[in-house]
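Residue numbers (our numbering): 84 to 553.
For reference, the structure is listed below as structure tokens.
Written as structure tokens, this is what we have:
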């Protein structure tokens, strides 16, 4: 946390970044920090809980353009001692982390008063940061790590309809339909019941706190500018719709493509994968914080078996449970014996980018987390999309139906159930080139791997930020 380094270059624009305490949020903020450092003329202070500092530092550029400032979370009843990210807690603990973050306001006020950043980019959970920034003469920007289509459908002001002159919480029926003015060309004018039911979380209060929607709305209202991790090439209609909803600038950073992985793939994985032909292996992984119910995981594994292809399936579980025991529950009787030699089921961290780039891996079954999808596209994998919650549903629809770069696993409208046959069929269709096929996949792969294009997005973003602070 070398404050002297942060304050060394008086000519550089100073940007403070303050994400929510989930690595699905921290990672895009860190990607932005690296991109800002690469274009030059910007220095970054990254705020996070003390327990996350070492991991965050490893994600930032090593040239001193970005440093981490540690925050000490106050004790919150019900939140496990030492828990400082959502990776260490259950769903209720994730809500309590928002309370803990609210309790850091005095520390943030002192820290920002000392550092005097020009701009503060903050996440959905802490709308009060805008007030702190404004008191110091800094610009405040709500940085959404979600796709624009997610925000356009769920969090714009038009989403909360007025009943008898007062705003009310949307019902499942309300949430099954896009808000007024939503792009008519969209494939998401309506969504299945199971997805709409999942979206009610956004409007639910926990522990007497504002709902996620209310926090987002407060962030958007208090900010000088709204920032999205996307680009017009991928989400133009949704960005334009969002702009009609707010009387303030809308900026985009580009998709913030992850950098290529460093080092080599672990020998045990490299040896196993190398025993198969090019593009033969199906890799299934759902990130570190998307957990499939046992029955769903069983169907996934049976579906992978039914493809007849070699596969690696990574299934993770909350830290509060015995992962090995849970993994056993997911395997149908006789499964391990039947797939011996061609199927591996694993729980825990793996070198995902290395695996995706291995010559034998040709298909990637995933939860439609946007960063994961980009990693798969860049690696040249065919995509099978099996979203499990919130923004993942929108990402899957955007990718498969509009950008035409993946196959969605078929599900029941009412409850979202999918069977092993749906997994098998989606994998076979993806491998056969259904959906957009080679042309669309090649188009977006070239777009995402064009360093000059991606750099221009960030350079333009920095130019627009500078206009705000002048």
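Note that CB positions come from ideal geometry on N, CA and C, so glycine has one too.
How far does the beta strand (DSSP E) with residue 394 in it extend, from its first residue to its last?
394-397
Output the distance between the C-alpha atoms of residue 263 and residue 525, rounded to the nearest integer angstrom.
35 Å
Let's see if you can read the secondary structure: which residues bound the alpha helix (DSSP H) around residue 536?
For residue 536, the uninterrupted alpha helix (DSSP H) run begins and ends at 534-552, by DSSP.
Same chain, Cβ closer than 8 Å to residue 195, neighbours up to 5 away in sequence not counted
99, 203, 215, 216, 219 and 221
Starting from residue 511 and walking both ways along the alpha helix (DSSP H), at which residues does that stretch end?
503-514
Which parts of the region 362-424 are runs of the beta strand (DSSP E), unbroken and 3 residues or longer, counting only runs that do not cross its ends?
364-368 and 394-397
Check residue 314 in the structure and name its three-state DSSP category.
coil
From residue 94 to residue 230, what does the alpha carbon distance come to, in whole angstroms?
Cα to Cα, residue 94 sits roughly 33 Å from residue 230.
DSSP state of residue 126 mapped onto helix, strand, coil
strand
Using a 10 Å radius around the Cβ and a threshold of 16 neighbouring Cβ atoms, would you call residue 107 buried or exposed?
buried
Let me know if residue 91 comes out buried or exposed under the rule of 16 or more other beta-carbons within 10 Å of its beta-carbon.
Summary for residue 91: the model assigns pLDDT 43, below 50, so the residue's position carries little reliability, and this model does not support an answer.
Below 8 Å on the Cβ atoms is my contact criterion, and I expect residue 116 with residue 167 to pass it. Report the Cβ-Cβ distance as a whole number of Å.
That pair is no contact at about 19 Å.
Taking the alpha carbon of residue 413 as the reference point, which residue from 428, 336, 131 and 235 has its own alpha carbon closest?
428
Classify residue 358 as buried or exposed, calling it buried when 16 or more other Cβ atoms lie within 10 Å of its own Cβ.
exposed
Exposure label - residue 212; buried when at least 16 CB within 10 Å:
Taking a 10 Å sphere around the C-beta of residue 212, we find 16 or more other C-beta atoms and assign the residue as buried.
Sequence ranges, alpha helix (DSSP H) only - wholly within the region 199-275, length at least 4:
211-218, 231-237 and 255-258
Kindly indicate which three-state DSSP category residue 486 falls into: helix, strand or coil?
The answer is helix: DSSP assigns residue 486 an H, G or I state.
With 16 other Cβ atoms within 10 Å as the buried cut-off, status of residue 254:
exposed
Under the rule that 16 or more other beta-carbon atoms within 10 Å means buried, what is residue 608, buried or exposed?
Nothing in the structure corresponds to residue 608, since the chain is present only between 84 and 553.
Whether or not the region 533-546 and the region 416-430 are in contact is what I'm after, with contact meaning three or more pairs of Cβ atoms, one per stretch, closer than 8 Å; do they touch?
no
So what's residue 433 in DSSP terms, helix, strand or just coil?
Residue state for residue 433 is assigned as coil, using DSSP reduced to three classes.
Residue 366 beta carbon less than 8 Å from that of residue 439:
Yes, they are a contact pair.
Tell me residue 465's beta-bridge partners as DSSP assigns them.
446
According to the Cβ coordinates, are residue 552 and residue 146 closer than 8 Å?
Not in contact: residue 552 and residue 146 (Cβ atoms no closer than 8 Å).
For residue 373 and residue 303, what's the separation of their Cα atoms in angstroms?
27 Å
Which same chain residues, not among the five before or five after residue 457, have their C-beta less than 7 Å away from its C-beta?
338, 340, 341 and 531
Can you grab the Cα-Cα spacing for the pair residue 275 / residue 496, in whole Å?
Answer to the nearest angstrom: the Cα atoms are 5 Å apart.
Whose C-alpha, out of 131, 161, 398 and 157, is nearest the C-alpha of residue 150?
131
So which of 155, 152, 177 and 170 has the shortest CA-CA distance to residue 161?
Closest option to residue 161, Cα to Cα, is 177.
Identity of the residues DSSP links to residue 426 by a beta bridge
394
The ligand MG and residue 202: does any heavy atom of the ligand fall closer than 7 Å to the residue's C-beta?
In terms of ligand content, the structure shown is empty, and the ligand MG therefore cannot be addressed.
Is there contact here, the region 402-410 with the region 436-450, by at least three beta-carbon pairs under 8 Å?
no
On the DSSP bridge assignment, give the partners of residue 99 in chain order.
Per DSSP, 128 and 203.
Run the CB neighbour count on residue 155, radius 10 Å, all protein chains shown included, and call it buried at 16 or more, exposed below.
exposed
From residue 361 to residue 173, what does the alpha carbon distance come to, in whole angstroms?
39 Å
Over what stretch of residues does the beta strand (DSSP E) that includes residue 334 continue unbroken?
333-335
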